[in-house]
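Take a look at the structure below.
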Amino acid sequence: MFAESKLLFKLWLKNPLKIGAVAVSSPELASAMARQIPVGDGYVVELGGGTGPVTRAILAAGTPPDRLVVVERDPTLHRLLC
Ligand SMILES: C[S@@+](CC[C@H](N)C(=O)[O-])C[C@H]1O[C@@H](n2cnc3c(N)ncnc32)[C@H](O)[C@@H]1O
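Heads up, the sequence shown is in numbering that gives the first Met the number 0, so the first residue is 0 and it goes up one at a time.
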């Protein structure tokens, strides 16, 4: 978590408007967000995966990996998520 926070902060320093947040979501916040996703057969699209805390929470809440689409425009964070 510390390494991820450090990476996001570093990227934010380079380009604050594109990264948008100075800190990663906590596991508690990510889990609270993921719990709002209705259970069903549809796809879940996460816009701005960052370092992946919400991605992990969405998967932990039961969305199958093949039903989750994560969009991330920063190449460093995109590689981290793959
Ligand atoms: C505020 S961070 C949140 C990261 C993570 N979801 C979290 O909660 O810790 C926003 C992320 O969205 C990405 N982002 C912002 N605008 C985007 C866009 N239009 N398309 C894809 N990713 C975008 C940024 O690169 C950054 O990684």
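Ideal placement from N, C-alpha and C gives every residue a C-beta, glycine not left out.
*Any heavy atom of ligand 1 closer than 8 Å to the Cβ of residue 27?*
Here the distance from the Cβ of residue 27 to the nearest heavy atom of ligand 1 is not below 8 Å.
*Which of the three DSSP states, helix, strand or coil, is assigned to residue 71?*
Collapsing the DSSP output to three states places residue 71 in coil.
*Close Cβ partners of residue 70 (< 6 Å) along its chain, the five nearest in sequence each way excluded*: Once the five neighbours on either side are set aside, the close Cβ partners of residue 70 are 46.
*Could you tell me if residue 41 is buried or exposed, where buried requires 16 or more neighbouring beta carbons within 10 angstroms of its beta carbon?*
With fewer than 16 Cβ atoms within 10 Å of its Cβ, residue 41 is classed as exposed.
_With the cut-off set at 9 Å, would you say residue 76 and residue 7 are in Cβ contact?_
Yes.
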